[in-house]
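K.L.:
One structure, pasted below without further comment.
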Amino acid sequence: MGLSFSIPCDPCINKIFYCLEKKVGYTRNLETNLVALETTIEDLKAKRDDLSRKVTREEDRGLQRLAEFQVWLNRVETVEQKVNHLLSFRDIELQRLSLCGFFSKNLRSSNRYGKKVFLMLREVEELKIRGFEVIVDQAKTPMVDERQLQPTIVGQETMLEKAWKHLMEDGVGIMGMYGMGGVGKTTLLIQINNKFSNDSCGFDFVIWVVVSKELHVKKIQDEIAKIIGLGGEEWTLKDGSQKAARLYNFLRKKRFVLFLDDIWEKVDLVEIGVPFPTIQNQCKVVFTTRSQDVCARMGAEKPMEVQCLADNDAFDLFQKKVGQTILRSDPGIPELARIVAKECCGLPLALNVIGETMSCKRTIQEWHHAIDVRNSYAAEFSGMEDNILSLLKYSYDSLTGDHVKLCLLYCSLFPEDDKISKEKLIEYWIGEGIIDGSEGIEKAERKGYDLIGSLVYASLLMDGVNDDGKGVVCMHDVVREMVLSITSDLGKQKEAFIVSAGAGLYEIPKIKNWNIVRKMSLMHNKIHYLTGSPECLVLTTLLLQSTELKVISSEFFMSMPNLAVLDLSLNGDLFELPEGISNLVSLQYLNLSWTGIRRLPKGLQELRKLIHLNLEETIQLQSIAGISRLHNLKVLKLDRFAIPWDLNTVKELEVLEHLEILTATIDRPRGLEKFFSSHRLMSCTRLLTIVYRNPESSGISLPATMKKLRYLSMCWCSISEIKMGRKCSLLSLVKVRIDFCKGLRELTFLMFAPNLRILDVDSVYELEDITVGTNLY
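Counting in this note's numbering, the sequence shown runs from 31 upward without gaps.
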């Protein structure tokens, strides 16, 4: 009879042995996993290419790719980049191993690398085995984007009926509407567009594109692609001719209406990729322009002139803008109102703007004064359109306070028809000192939004939102012309405001007298080099974003002692700043986001007045050492920047005693722990993005001190829950975005965010419970 022994083993010891065996396995199997990773990623890429070719063929037949397939494609692109990065360290890591992977010269590094390879192999395999029974579907006719109209429209009913009837005729493929600026061409076009929202009339697509004075074919192509569903990563990689071919192959099988608003020259439909409208394809192209000659060049056989309003209609519109309360406040006002309305020459824009201006004038003396002032302006202007500018200038002069006027002038620095971010405008205004930020940035921001409201109410700006739902304003062409005439002192000092935004420049304009230049906007150009040392003693704003900048000479900033606002963002090939930036002793706003800078300039600490620094998306930045010397810094934006959050980073930022607003991205669990441990940084965090993979994490606990947090984003996190700290309340939180988070089952923490308005959840497949307040829209 044999003997048997039973040796008890502590479960903790078993767990230790299991962990050790797992870690050794990462290194022991490293070479095998690397080979498997290479093979599997190649298989995945082949599958992606095959499916992409198939879906492209189907789209050319008029079908539409499924959103689920597009998400898979995007994940493949992301994973491919990460795999390539991992494999670039392959040889170095393999050379560290010995004895079949049981030993390493740097065990910690080899284990960490092996674990990444193992996890990545698993993810690639998951993507590879993902099957698709269907990748395309019948393209649904999209809802027409009903566009916002002014609340008061008078006198266009007959013109609208006539335009609609003409457009619907079988023989009409191209219809042009022309007239002077501010006459209501865009308003009429919007009304035609909105009629299709009630009845598509058999059209597959109704497309709206704003063209503007500077014609950009790529912009038009991108707008059309976005509307018809051809946008995405694959689209952005195409050149102009490829985009044109793609659009043509898709649209030639469709029946569409294309609205082109505000064109100043012939738009080549072939170059864009738009099939020419014919009786056979029953497509339509409708455009607005100031020039009848452009109508002829576009091939519009019977262009329609949009004329000014008749006297009765004009006075009717003016009365509605002024209001009956004002008109009845004095018996003499109605007659004076007719005189003022008549001077507007039936132009709807002038009637709207002047009507708003006069809507607070309650005495007959104020109305007489308005007429006197208007007559004095007439000597400075000549011609019909200039006459209108003089009317608008009266509205400008009627604005309360010089700071309101300065805010309006600032809007002219942006390209024509640009959707100007309210947030960025206010940042500029605070940086310039137009709005006082000494009593707190949030208070200054509220003042900024109030100023914007004043300008919108005065009909000098138009309110709106962009594709992300963020607030924007636009300026009518004619209002912009009036503002630019004011900035140049009615043409006497044309170089005071240099506005060449989006003008296709390859170098800085030739300036006769730099000493009078107060503001310069060269955004959206192709100026690779900034050289020389212009003597700009009164220059306060310099906007150079998206100019394809590569090099700034060391002496360029030498003679700009009053520069307060400098925007160098969106220049990816700008890798360093000159030390001469230290000469900008008055600088308060510096935007370096989306640049390629690798280190902060040595002279940065000399910018003692700097209150706003934007380093978002500076993915090549290697260090922020020295940032603690910017003692007056109030706003620091670090969302999606490259520096890891560690104890040194936290200490560097905690020194900034005046910091009020911080945005940040955390990509490591330990970094998040260090970040959350700082009550100082938590108290001023407005935006937080968390991006990391940590399969062993049970959850994330949001601290109680995040009282200013407005935007929270979590991507690619492996967590089971988002917990709340003790006594935590997220009163300021308005937007939450959660993407590709594995293991996350519930979002009950949102109960503590009573003012949440937007919740965006994508690819969180294990989510079971969402509990939110009632303010979502």
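Cβ atoms here follow ideal geometry from the backbone N, Cα and C, with glycine treated the same way.
Indicate whether the contact test is met: 3 or more Cβ pairs, each with one atom in the segment 315-326 and one in the segment 256-271, closer than 8 Å.
P.N.:
With the rule of 3 Cβ pairs closer than 8 Å, the segment 315-326 does not count as touching the segment 256-271.
K.L.:
Alpha helix (DSSP H) containing residue 473: first to last residue?
P.N.:
Translated into positions along the sequence shown, residue 473 becomes position 443. 471-487 is the extent of the alpha helix (DSSP H) around residue 473.
K.L.:
Output needed for residue 52: all residues of its chain with C-beta closer than 6 Å, excluding positions within five of it in sequence on either side, in chain order.
P.N.:
Start at 1 with the first residue of the sequence shown, and residue 52 comes out as number 22. Reliability fails at residue 52, whose pLDDT of 47 lies under 50, so the model's placement of it is uncertain and the value that follows must be treated cautiously. Contacts found: none.
K.L.:
If you draw a straight line from the C-alpha of residue 636 to the C-alpha of residue 707, how long is it?
P.N.:
Within the sequence shown, numbered from 1, the residue matching residue 636 stands at position 606. Within the sequence shown, numbered from 1, the residue matching residue 707 stands at position 677. Taking the straight line from one Cα to the other gives about 30 Å.
K.L.:
Count the other CB atoms within 10 Å of the CB of residue 115; is the residue buried (16 or more) or exposed (fewer)?
P.N.:
The residue labelled residue 115 in the question sits at position 85 within the sequence shown. Residue 115 should be labelled exposed.
K.L.:
With hydrogens ignored, establish whether the beta-carbon of residue 650 is closer than 7 Å to any heavy atom of the ligand SAM.
P.N.:
Questions concerning the ligand SAM fall outside what the structure shown contains, since it holds no ligand whatsoever.
K.L.:
Report the partner residues of residue 694 according to the DSSP bridge assignment.
P.N.:
Residue mapping note: residue 694 aligns to position 664 of the sequence shown, counting from 1. DSSP links residue 694 through a beta bridge to 668 and 718.
K.L.:
If I measure Cβ to Cβ from residue 308 and keep anything under 8 Å in the same chain, skipping five residues before and after, which residues do I get?
P.N.:
Translated into the one-based positions of the sequence shown, residue 308 becomes position 278. 203.
K.L.:
Sorted by chain position, which residues of the same chain lie with C-beta nearer than 6 Å to residue 690's C-beta, five sequence neighbours on each side aside?
P.N.:
Walking along the sequence shown from the start, residue 690 turns up at place 660. Only 471, 664 and 714 meet the Cβ criterion.
K.L.:
Let me know the secondary structure DSSP gives residue 649 once reduced to three states.
P.N.:
The residue labelled residue 649 in the question sits at position 619 within the sequence shown. Correct three-state label for residue 649: coil.
K.L.:
Buried or exposed: residue 539, going by 16 or more other Cβ atoms within 10 Å of its Cβ?
P.N.:
On the sequence shown, residue 539 is found 509 positions in, with the first residue counted as 1. Counting Cβ neighbours within 10 Å, residue 539 comes out exposed, since fewer than 16 surround it.
K.L.:
To the nearest whole angstrom, what separates the beta carbons of residue 444 and residue 340, a pair I think is in contact under 8 Å?
P.N.:
Indexing the sequence shown from 1 puts residue 444 at position 414. Indexing the sequence shown from 1 puts residue 340 at position 310. 35 Å between Cβ atoms; not a contact.
K.L.:
Identify, in the order they occur along the chain, each residue of the same chain with its Cβ nearer than 7 Å to the Cβ of residue 600, setting aside the five sequence neighbours on each side.
P.N.:
Taking the sequence shown and counting its residues from 1, the one referred to as residue 600 is at position 570. Result list for residue 600: 575, 576 and 624, in chain order.
K.L.:
Within 10 Å of its beta-carbon, does residue 251 have 16 or more other beta-carbons around it, so buried, or fewer, so exposed?
P.N.:
Here residue 251 refers to the residue found at position 221 of the sequence shown. Result: buried.
K.L.:
Which term fits residue 551, buried or exposed, when burial requires 16 or more other beta carbons within 10 angstroms of its beta carbon?
P.N.:
Numbered from 1 along the sequence shown, position 521 holds the residue referred to as residue 551. Buried.
K.L.:
Classify residue 582 as helix, strand or coil using the three-state DSSP reduction.
P.N.:
Sequence index remark: in the sequence shown, residue 582 carries index 552 (1-based). Note: residue 582 maps to strand in three-state DSSP.
K.L.:
Give me the Cα-Cα distance between residue 362 and residue 737, rounded to the nearest whole angstrom.
P.N.:
Counted from its first residue, the sequence shown places residue 362 at position 332. Counted from its first residue, the sequence shown places residue 737 at position 707. If I take the Cα positions, the gap works out to 56 Å.
K.L.:
Residues in its own chain within less than 8 Å of residue 545 by CB, not counting five upstream and five downstream?
P.N.:
One-based indexing of the sequence shown puts residue 545 at position 515. For residue 545, where only same-chain residues beyond five positions count, the Cβ hits under 8 Å are 565, 566, 567 and 568.
K.L.:
Could you pull the DSSP bridge partners for residue 597 from this structure?
P.N.:
Within the sequence shown, numbered from 1, the residue matching residue 597 stands at position 567. 573 and 621, per the DSSP bridge assignment.
K.L.:
Between residue 113 and chain D, is any beta-carbon pair separated by less than 8 Å?
P.N.:
Considering every chain present, this structure includes no chain D. It has just one protein chain.
K.L.:
Following the continuous alpha helix (DSSP H) through residue 204, name the residue where it begins and the one where it ends.
P.N.:
Here residue 204 refers to the residue found at position 174 of the sequence shown. No alpha helix (DSSP H) holds residue 204; the beta strand (DSSP E) holding it covers 204-208.
K.L.:
What's the gap between the Cα of residue 469 and the Cα of residue 57?
P.N.:
Position 439 of the sequence shown, counting from 1, holds the residue named residue 469. Position 27 of the sequence shown, counting from 1, holds the residue named residue 57. Roughly 57 Å between the two C-alpha positions.
K.L.:
So what does DSSP say about residue 506, is it helix, strand or coil?
P.N.:
Numbered from its first residue, the sequence shown carries residue 506 at position 476. Three-state result, residue 506: coil.
K.L.:
Check residue 845 in the structure and name its three-state DSSP category.
P.N.:
The chain is shown from 31 up to 807; residue 845 falls before or after that span and cannot be answered.
K.L.:
In the DSSP output, what is residue 629 paired with across the bridge?
P.N.:
Mapped onto the sequence shown, residue 629 falls at position 599. DSSP lists no partner for residue 629.
K.L.:
Which residue comes first and which comes last in the beta strand (DSSP E) that contains residue 767?
P.N.:
The residue labelled residue 767 in the question sits at position 737 within the sequence shown. Element bounds for residue 767: 765-769.
K.L.:
With a 10 Å radius around its C-beta and 16 neighbouring C-beta atoms as the bar for buried, classify residue 674 as buried or exposed.
P.N.:
Numbered from its first residue, the sequence shown carries residue 674 at position 644. By the 10 Å Cβ count, residue 674 comes out exposed.
K.L.:
Is the CB-CB distance between residue 237 and residue 179 below 8 Å?
P.N.:
As a working note, residue 237 is residue 207 in the sequence shown. As a working note, residue 179 is residue 149 in the sequence shown. Contact flag unset, no.
K.L.:
With DSSP as the reference, please indicate the residues paired to residue 10 in a beta bridge.
P.N.:
Lying before the first or after the last residue shown, residue 10 is absent from the chain, which here runs from 31 to 807.
K.L.:
Would you be able to state if there are at least three C-beta pairs under 8 Å between the segment 355-371 and the segment 387-402?
P.N.:
yes
K.L.:
Mind checking who residue 776 pairs with in its DSSP beta bridge?
P.N.:
Looking up residue 776 in the sequence shown gives position 746. Answer by DSSP bridge pairing, in chain order: 799.
K.L.:
So what's residue 370 in DSSP terms, helix, strand or just coil?
P.N.:
Locating residue 370 in the sequence shown gives position 340, where the first residue counts as 1. Looking at residue 370 - three-state DSSP - the assignment turns out to be helix.
K.L.:
Does the distance from the CB of residue 622 to the CB of residue 644 come in under 8 Å?
P.N.:
Looking up residue 622 in the sequence shown gives position 592. Looking up residue 644 in the sequence shown gives position 614. Result yes, Cβ atoms of residue 622 and residue 644 sit closer than 8 Å.
K.L.:
Unbroken beta strand (DSSP E) runs of length 3 or more, entirely within the segment 277-347: which are they?
P.N.:
Entirely contained in the segment 277-347, the beta strand (DSSP E) runs reaching 3 residues are, in chain order, 286-293 and 314-319.
K.L.:
Tell me whether residue 351 sits in a helix, a strand or coil according to DSSP, three-state version.
P.N.:
Numbered from 1 along the sequence shown, position 321 holds the residue referred to as residue 351. In this structure, residue 351 counts as helix in the three-state DSSP scheme.
K.L.:
Residue 18 by DSSP, collapsed to three states: which one?
P.N.:
The chain is shown only over 31 to 807; residue 18 falls outside these bounds and no answer can be derived.
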